[in-house]
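Number of protein chains: 2
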Amino acid sequence: MFIVDSDCHNYWCSATVLEPYMDGFFKDMFVRGEKTGPRGAFPHGHRPWFHPEGFSRHDVNPVEEDDNYALMKEKHLDKYNIDVAILTGDEPIEASTLANAHYANALCRAYNDYMIDYWLPKDSRFWGSIIVAPQDPKLAAEEIRRLGSHPRIVQVLVSHGAQRPYGDPFYHPIYEACAEMGLPFAMHLGGQGGVNSTPIGAGPSTFFWETHAILPQSAMTHMASLIAQGVFEKWPSLKVVIIECGVAWVPSVLWRLDANYKALRKETPWLKRLPSEYFKSNIRMSTQPLEQPENVQHLWATLEAMDGENTLLFASDYPHWDYDDVTKLHIPPAWREKVLGLNALDVYRRIPRPAAIAAE
Amino acid sequence: MFIVDSDCHNYWCSATVLEPYMDGFFKDMFVRGEKTGPRGAFPHGHRPWFHPEGFSRHDVNPVEEDDNYALMKEKHLDKYNIDVAILTGDEPIEASTLANAHYANALCRAYNDYMIDYWLPKDSRFWGSIIVAPQDPKLAAEEIRRLGSHPRIVQVLVSHGAQRPYGDPFYHPIYEACAEMGLPFAMHLGGQGGVNSTPIGAGPSTFFWETHAILPQSAMTHMASLIAQGVFEKWPSLKVVIIECGVAWVPSVLWRLDANYKALRKETPWLKRLPSEYFKSNIRMSTQPLEQPENVQHLWATLEAMDGENTLLFASDYPHWDYDDVTKLHIPPAWREKVLGLNALDVYRRIPRPAAIAAE
Numbered sequence: 005m006f007i008v009d010s011d012c013h014n015y016w017c018s019a020t021v022l023e024p025y026m027d028g029f030f031k032d033m034f035v036r037g038e039k040t041g042p043r044g045a046f047p048h049g050h051r052p053w054f055h056p057e058g059f060s061r062h063d064v065n066p067v068e069e070d071d072n073y074a075l076m077k078e079k080h081l082d083k084y085n086i087d088v089a090i091l092t093g094d095e096p097i098e099a100s101t102l103a104n105a106h107y108a109n110a111l112c113r114a115y116n117d118y119m120i121d122y123w124l125p126k127d128s129r130f131w132g133s134i135i136v137a138p139q140d141p142k143l144a145a146e147e148i149r150r151l152g153s154h155p156r157i158v159q160v161l162v163s164h165g166a167q168r169p170y171g172d173p174f175y176h177p178i179y180e181a182c183a184e185m186g187l188p189f190a191m192h193l194g195g196q197g198g199v200n201s202t203p204i205g206a207g208p209s210t211f212f213w214e215t216h217a218i219l220p221q222s223a224m225t226h227m228a229s230l231i232a233q234g235v236f237e238k239w240p241s242l243k244v245v246i247i248e249c250g251v252a253w254v255p256s257v258l259w260r261l262d263a264n265y266k267a268l269r270k271e272t273p274w275l276k277r278l279p280s281e282y283f284k285s286n287i288r289m290s291t292q293p294l295e296q297p298e299n300v301q302h303l304w305a306t307l308e309a310m311d312g313e314n315t316l317l318f319a320s321d322y323p324h325w326d327y328d329d330v331t332k333l334h335i336p337p338a339w340r341e342k343v344l345g346l347n348a349l350d351v352y353r354r355i356p357r358p359a360a361i362a363a364e
Numbered sequence: 005m006f007i008v009d010s011d012c013h014n015y016w017c018s019a020t021v022l023e024p025y026m027d028g029f030f031k032d033m034f035v036r037g038e039k040t041g042p043r044g045a046f047p048h049g050h051r052p053w054f055h056p057e058g059f060s061r062h063d064v065n066p067v068e069e070d071d072n073y074a075l076m077k078e079k080h081l082d083k084y085n086i087d088v089a090i091l092t093g094d095e096p097i098e099a100s101t102l103a104n105a106h107y108a109n110a111l112c113r114a115y116n117d118y119m120i121d122y123w124l125p126k127d128s129r130f131w132g133s134i135i136v137a138p139q140d141p142k143l144a145a146e147e148i149r150r151l152g153s154h155p156r157i158v159q160v161l162v163s164h165g166a167q168r169p170y171g172d173p174f175y176h177p178i179y180e181a182c183a184e185m186g187l188p189f190a191m192h193l194g195g196q197g198g199v200n201s202t203p204i205g206a207g208p209s210t211f212f213w214e215t216h217a218i219l220p221q222s223a224m225t226h227m228a229s230l231i232a233q234g235v236f237e238k239w240p241s242l243k244v245v246i247i248e249c250g251v252a253w254v255p256s257v258l259w260r261l262d263a264n265y266k267a268l269r270k271e272t273p274w275l276k277r278l279p280s281e282y283f284k285s286n287i288r289m290s291t292q293p294l295e296q297p298e299n300v301q302h303l304w305a306t307l308e309a310m311d312g313e314n315t316l317l318f319a320s321d322y323p324h325w326d327y328d329d330v331t332k333l334h335i336p337p338a339w340r341e342k343v344l345g346l347n348a349l350d351v352y353r354r355i356p357r358p359a360a361i362a363a364e
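Residue numbers (my numbering), protein chains in the order written: chain G, 5 to 364; chain V, 5 to 364.
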């Protein structure tokens, strides 16, 4: 089966890998200035919740930089016959937490150049995400246009932690640039410290396991906002990918959005369709971590209510603590071909459709 | 069928009804001081989202104070054969938004005395909620003990908008008092301005219909927090009622809480059961506004996953814009007797079980 992993983290051992890709004052600041830890740490505002086990699988222990790829190849790509891995970086999305958007943008630029230079040539299965710092949408749009025509770049990526809901017109220059380059806009769980708004209502909460369970709240806010603000009327072909934010909450939010829109649609006269219709045409959800009810039929009814057959994209989240391998994806068996691979081809348009599939 | 409405709003035309129940400086401040509008307004920090239709049904137009009861009797209680109406006030829960907790407490005390004096004697179907200002838990606990033994008081009520998640030990004096008086602790959608934390992640959002759809986020945070902080280990018989916050999101949150707890339970060694088990034994959800999917089977699978037969309480939300009457409660028919009435008797223990039901 053709398998696309839409959330494959290309780790580094040390953020010093970015140094050759920086210059001027921000290189000086990155090398000499304050960081979130000792040399090698990536500067970002940290969440107030600390993972009691750390984020990485304990069987993935790179010592040198090249181990990161070697381990990924051995424990993930080759082991599970992954055909396409969308690289999502790791710490760089945390640039969204910095007050200085110029510094955040410089870090993102350095990461993008490093990723294109170091990671993409390593493996023909790799396709890249441009990471941008959304706190200055004009700078972010410049970065999207600088690299967006690279043939192996397939999406623009930010953290789901943000200063305001992503439908806000403040962010529209980013979607303008995405639409121009034909790239989807993706948000990945993260960026919950620093300048970003509290990621959950009535927060902050206290423990990591408690908090991680409710972090999808920001994604709910972004989904509602992108739809209500008319982003998909302005850019009808724009796809938004929501990564690692859970999926089973989607129907409950769409049901409320649809009911409220029907009653109060005069607030947003630019919309032409129900919120759930914009979801189905424009938003895609990555599977990991897929919810795990006692009775899988309860999950499957939920996935059916969100047209999961067409809206879900398989993701492994390699090499994180709650990594899902391909064999553990408990979705309806008839959906596997689409969710594991084909749906991704409609989102990441630069990835060629394999000949075997085109012929089917 | 025996029907309990667990969210029936006793309106006033003007907050000046509270004046006879206040004294001293805070009466002076209430009469002469700044309010959220002209004389008759209730002082509170207002949400940044304004309802484009107003909150009330447009066919409920009280002119004099006594019209509020007359209209409720005509359009709701008598029309739908309601046996028990749990009065939930209306604006008073907004006292939670005030920076001055002493003033907030004085307003709640006045409301509680007014409610007991004016509303409870009007109709034998009425049972009351003590509203407290949670921003000073010690004052709130005093108020619970002052009135908690009144034979027709059946719960303690706050807004779901709050300064921090309700499991926080900061709030435990409230649960101590609830447990002592044998009363459930209820939170109702509201209290989203002033000192309270943003009610949604990555907020604020923009439009009313958009925002209303995602306001349950704070309830998710409170549910996770009450469970994780061990409130139901400290007070095993405490019931928590979550009112008007939607229900279909509950399984998605419980599935993530259970999965994370299984992996990282060492963070909270005081817990003895899965989060979903605490939910089923200690938390109850009011139905209104019940989600309305195109295919009701999708909703019913969701409700089954949260043991809705035993965890749901019927609510009308009279006289609000999105009022649900008894006939429109689209739950599995076999559950109606429990959800419409019997489940409430296990929560509101002072309401006598009708003889006809006891005999069944």
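Beta carbons are placed, not taken as given, at the ideal position from N, Cα and C, and that holds for glycine.
These numbers were taken from a predicted model, which means no experiment stands behind them.
Per DSSP, residue 134 of chain G is one residue of the beta strand (DSSP E) stretching across 130-135.
Close CB contacts of residue 51 of chain G within its chain, under the 6 angstroms cut and outside five residues either way in sequence, are with 196 and 197 (chain order). Here residue 272 of chain G really is in contact with residue 232 of chain G; their C-beta atoms are around 6 angstroms apart, less than 8 angstroms. Setting aside the 5 residues that flank it on each side, residue 44 of chain V is surrounded in the same chain by 18, 19 and 20, each with a C-beta closer than 7 angstroms to its C-beta; the list follows chain order. Interface with chain G (7 angstroms Cβ-Cβ cutoff): residue 207 of chain V is included. Secondary structure of residue 335 of chain G (DSSP, three-state): coil.
In this structure, DSSP gives residue 326 of chain G a state outside helix and strand, which the three-state scheme calls coil. At a cut-off of 7 angstroms between beta-carbon atoms, residue 259 of chain G makes contact with chain V. At a cut-off of 4 residues, the continuous stretches assigned as alpha helix (DSSP H) that sit fully inside the region 62-92 of chain V are 69-76. Look at the beta carbons and you see the region 335-342 of chain V touching the region 299-313 of chain V: at least three pairs across the two are nearer than 8 angstroms. Proximity of the region 29-37 of chain G to the region 92-100 of chain G falls short of the contact definition, fewer than three beta-carbon pairs being nearer than 8 angstroms. Rounded to the nearest angstrom, the gap between the Cα atoms of residue 178 of chain G and residue 211 of chain V is 22 angstroms. Taking a Cβ-Cβ cut-off of 7 angstroms, the neighbours of residue 216 of chain V in chain G comprise 264, given in sequence order. At a cut-off of 7 angstroms, the C-beta of residue 221 of chain G has a neighbouring C-beta in chain V. In this structure, the CA atom of residue 202 of chain V is about 6 angstroms from the CA atom of residue 205 of chain G. Between residue 242 of chain G and residue 183 of chain G, the CB-CB gap stays under 7 angstroms. For the 7 angstroms CB-CB criterion, residue 352 of chain V and residue 80 of chain V do not form a contact. Per DSSP, residue 216 of chain G is not a residue of any beta strand (DSSP E); the alpha helix (DSSP H) it occupies stretches across 212-218.
Every alpha helix (DSSP H) of 4 residues or more that sits fully in the region 251-278 of chain V is shown, in chain order, as 254-268. Within the region 304-316 of chain V, the residues whose Cβ lies closer than 7 angstroms to some Cβ of chain G are 305, 306, 308 and 309, listed in chain order. Interface criterion not met: the Cβ of residue 285 of chain G is under 7 angstroms from no Cβ in chain V. Put simply, the region 69-80 of chain V does not touch the region 142-150 of chain V. Fewer than three CB pairs are less than 8 angstroms apart. Interface annotation, residue 248 of chain G: not in contact with chain V, CB-CB separation never under 7 angstroms.
Beta-bridge annotation (DSSP): residue 316 of chain V is paired with V/289. In the structure shown, residue 30 of chain G adopts helical secondary structure according to DSSP, grouped into three states. Leaving aside the five residues that flank residue 284 of chain G on each side, the residues in its chain whose CB is nearer than 6 angstroms to its CB run, in chain order, 311. If you draw a 10 Å sphere on the C-beta of residue 5 of chain V, you find fewer than 16 other C-beta atoms in it, and that means exposed.
Residue 194 of chain G counts as buried, since no fewer than 16 other beta carbons sit within 10 angstroms of its beta carbon. Neighbours of residue 224 of chain G across chain V, judged by C-beta separation under 8 angstroms: 204, 205, 218 and 221.
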